[in-house]
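Protein chains in written order, with this note's numbering: chain A, 885 to 1229; chain B, 885 to 1229.
Where a beta carbon is used, it is the ideal one built from N, C-alpha and C, also for glycine.
Data block below; observations after.
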DNA sequence: TGGCGTGCGGTAACCGCTTTCCCGAGCTAA
DNA sequence: TTAGCTCGGGAAAGCGGTTACCGCACGCCA
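Have a look at this one:
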């Protein structure tokens, strides 16, 4: 075992050790399947590689092959269970495909997405997945679209998770439809007077859920007063603050819909702190069915999105060759009624 | 703008466009600071790069420079809020250092860590962070240590988050001490009869928390019966199942300590399903102070670990040059008493 | 027996950068 | 005026792989 003095072991070292050329060593160790290598040479190469503890230099391979197996994943906030579940799905599927995941968390600053995307482009990723709501900002969206187009031109596959607002493969979350079904169910349960904690104004996900909810209420012949809609952060604290604002201002509702679960949990705390008994004093519903929140009391009525599956679907999408027209993968949302919204009949 | 026909724009293209050599273009665009370039040439290069929308090929740079700015992060389960919070901290700090994070989630299969580490080694990462409890399996730990040593020899910085069981930089979580303090507080609150949901037998984190808890009880003159300790998964469902097992078998306690919060939440559900009123019928305490779980009812007494800070600390550790002896960064645990453990006096 | 196809090992070009080294230009000082 | 600098541009040598291509050895068939 004649290890070179310098740091890492290269293919050349292995080839020397095995008494073959680098070409042969390469074919044995990282061969693309074409070209046979005689059995005895193969054994010698493998033995040498093992003896020297060889590990192929991925950047060098990327360069020689002209492509990597890196998948870039951009999320809004990895500490948010919504995104960490999606990330888990992406990573699970990536493993199956022998890809590795490079992750970026924009932690709210949507405009940073462009910077991260630029950095990511430098990695020459095989694919890029953008998870998280698009915004209503047209200009931003256009710039994003331009960046993504460049990535595609350079050979990367790209997919969005959220809304289909760009001509790109998308995992479509049934935000509108799910909220609509939820609203109908709540009306069926006898609720008539609603308030909505609507999240940030610019996030399409929040907007869609609000719009869908309104549509569902309309289906049931109920209207939502504008004064009963409050905007705020998409977070637990946002939910708390928004609920509190409504309580202080002029809450005239028997049922509050928070456009996601973490906000709903914040709202529940605000209601409690305000002395409202739950679930009797106020019905509360959320959206997402975050696993970690399944045990809050009262158990939360919500709309289930299979988040891991969402991540997996996105990864599978980008692993397929690009199609003529953008592919859409629609993810069903399912209403789950629990204790937080008791029937009024 | 004479864009080359082929896919991506290279530095050579930029140099041509600007009428300079690739050396000059390189110095302008990615220069390490040595070597000045005349102002007018600099402008031309920058203009050309912008016009062609040049993006440096990171693998090629990695190769030429002999190093990357990739930080590998291995976690047990990214969907677990414990790890996603740590990951958030790592990523936040990585951004400050201009590093990008490559993430792997072993989702429980501890033995996969070695495989992931091998893959990661191929990336020639600048640093590697292993987050998550080490196990009691000596053989596994030795193999892990060997792999990490190789990584270090190849120039990567390495850090562990959890226990200091390998001669490697470590962010040390005060599992034992935190649990000890918790136990003392619970005794101070008047509790005398305890049960513990101890998590998996092989995880050192779970062991340490159990051992610390026992020590704290001993400080207060209380002993923990072996029959009141039940082992199970480190998850919500594990907590539920273990609690249920104790309830069915022979629970003789007024206070249950689950070695982490998600288990505690599962335990609370199991207690409720079993008809035990909370918090009066049974006190429950957890560990970690998971943010998403701050709103469960009754609010959970727990031991706070500043998880994002843990991640940040690990990243900072690996960004520093290696020291003579392994560096340790101890993270304080702090007892937080809430409603789930009422005083008995 | 000679022509030819096939299997397979090796040589070397190339991937896109960084950086060393060379060299000419312009400046300073004797 | 010129030797000796410094400054800065460019040529070219890698970095560690992959793979097109070359050529040898062998077997087959006419």
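Using the Cβ count rule (16 or more neighbours within 10 Å means buried), how would you classify residue i?
i: residue 914 (chain B); result: exposed
i: residue 965 (chain A); result: buried
i: residue 1216 (chain A); result: exposed
i: residue 1132 (chain B); result: exposed
i: residue 986 (chain A); result: buried
i: residue 945 (chain A); result: buried
i: residue 1195 (chain B); result: buried
i: residue 886 (chain A); result: Because the pLDDT of residue 886 (chain A) is 41, which lies under 50, any placement of that residue in the model is unreliable, and the question is left without a value.
i: residue 1077 (chain A); result: exposed
i: residue 1172 (chain B); result: buried
i: residue 1111 (chain B); result: exposed
i: residue 1212 (chain A); result: exposed
i: residue 1228 (chain B); result: exposed
i: residue 1107 (chain A); result: exposed
i: residue 1219 (chain B); result: buried
i: residue 1204 (chain A); result: exposed
From the beta carbon of residue i, is the nearest beta carbon of chain B less than 7 Å away?
i: residue 1047 (chain A); result: no
i: residue 1153 (chain A); result: yes
i: residue 1055 (chain A); result: no
i: residue 1181 (chain A); result: yes
i: residue 943 (chain A); result: yes
i: residue 965 (chain A); result: yes
i: residue 1006 (chain A); result: yes
i: residue 939 (chain A); result: yes
i: residue 1030 (chain A); result: no
i: residue 1149 (chain A); result: yes
i: residue 926 (chain A); result: no
i: residue 896 (chain A); result: no
i: residue 1166 (chain A); result: no
i: residue 888 (chain A); result: Low per-residue confidence applies at residue 888 (chain A): pLDDT is 42, beneath 50, and the placement is therefore not dependable, though the value from the model is reported in the following sentence. Chain B contact via Cβ: absent.
i: residue 910 (chain A); result: no
i: residue 901 (chain A); result: no
i: residue 1127 (chain A); result: no
i: residue 968 (chain A); result: yes
i: residue 1043 (chain A); result: no
i: residue 1198 (chain A); result: no
i: residue 946 (chain A); result: yes
Report back the beta-carbon spacing between residue i and residue j to the nearest angstrom; my notes put them in contact at under 8 Å.
i: residue 1050 (chain B); j: residue 1025 (chain B); result: 7 Å
i: residue 1149 (chain B); j: residue 1079 (chain B); result: Wrong, their Cβ atoms sit about 16 Å apart, outside the cutoff.
i: residue 1060 (chain B); j: residue 1095 (chain B); result: 6 Å
i: residue 977 (chain B); j: residue 968 (chain A); result: With 8 Å as the limit, residue 977 (chain B) and residue 968 (chain A) do not qualify as a contact, their Cβ atoms being about 18 Å apart.
i: residue 1130 (chain B); j: residue 1114 (chain B); result: 5 Å
i: residue 1093 (chain A); j: residue 1143 (chain A); result: 4 Å
i: residue 974 (chain B); j: residue 957 (chain B); result: 6 Å
Give the range of the alpha helix (DSSP H) segment to which residue i is assigned.
i: residue 967 (chain A); result: 965 to 980
i: residue 985 (chain A); result: That residue, residue 985 (chain A), is in no alpha helix (DSSP H); its beta strand (DSSP E) goes 984 to 989.
i: residue 1133 (chain A); result: 1120 to 1133
i: residue 927 (chain B); result: 923 to 936
i: residue 1046 (chain B); result: First-last for residue 1046 (chain B): 1041 to 1046, but that is the beta strand (DSSP E), not the alpha helix (DSSP H).
Kindly indicate if chain A contains any beta-carbon less than 7 Å away from that of residue i.
i: residue 1038 (chain B); result: yes
i: residue 989 (chain B); result: yes
i: residue 881 (chain B); result: Given a span of 885 to 1229 for chain B in the structure shown, any question on residue 881 (chain B) remains unanswerable.
i: residue 891 (chain B); result: yes
i: residue 971 (chain B); result: yes
i: residue 1215 (chain B); result: no
i: residue 1203 (chain B); result: no
i: residue 962 (chain B); result: yes
i: residue 984 (chain B); result: yes
i: residue 933 (chain B); result: no
Output the boundary residues of the beta strand (DSSP E) element that contains residue i.
i: residue 1218 (chain A); result: 1218 to 1220
i: residue 896 (chain B); result: Not the beta strand (DSSP E): residue 896 (chain B) falls in the alpha helix (DSSP H), residues 895 to 902.
i: residue 1087 (chain B); result: First-last for residue 1087 (chain B): undefined, no H or E at that position.
i: residue 917 (chain B); result: Here residue 917 (chain B) belongs to no beta strand (DSSP E), and DSSP marks it neither H nor E.
i: residue 1106 (chain A); result: Where residue 1106 (chain A) is concerned, there is no enclosing beta strand (DSSP E), given that its DSSP letter is neither H nor E.
i: residue 956 (chain A); result: 954 to 959
i: residue 1053 (chain A); result: 1053 to 1057
i: residue 1073 (chain A); result: Element bounds for residue 1073 (chain A): n/a, residue is neither H nor E.
i: residue 1013 (chain B); result: 1011 to 1015
i: residue 1167 (chain A); result: 1167 to 1169
Sequence ranges, beta strand (DSSP E) only - wholly within the segment 1177 to 1221 of chain A, length at least 3: 1186 to 1188, 1212 to 1215 and 1218 to 1220
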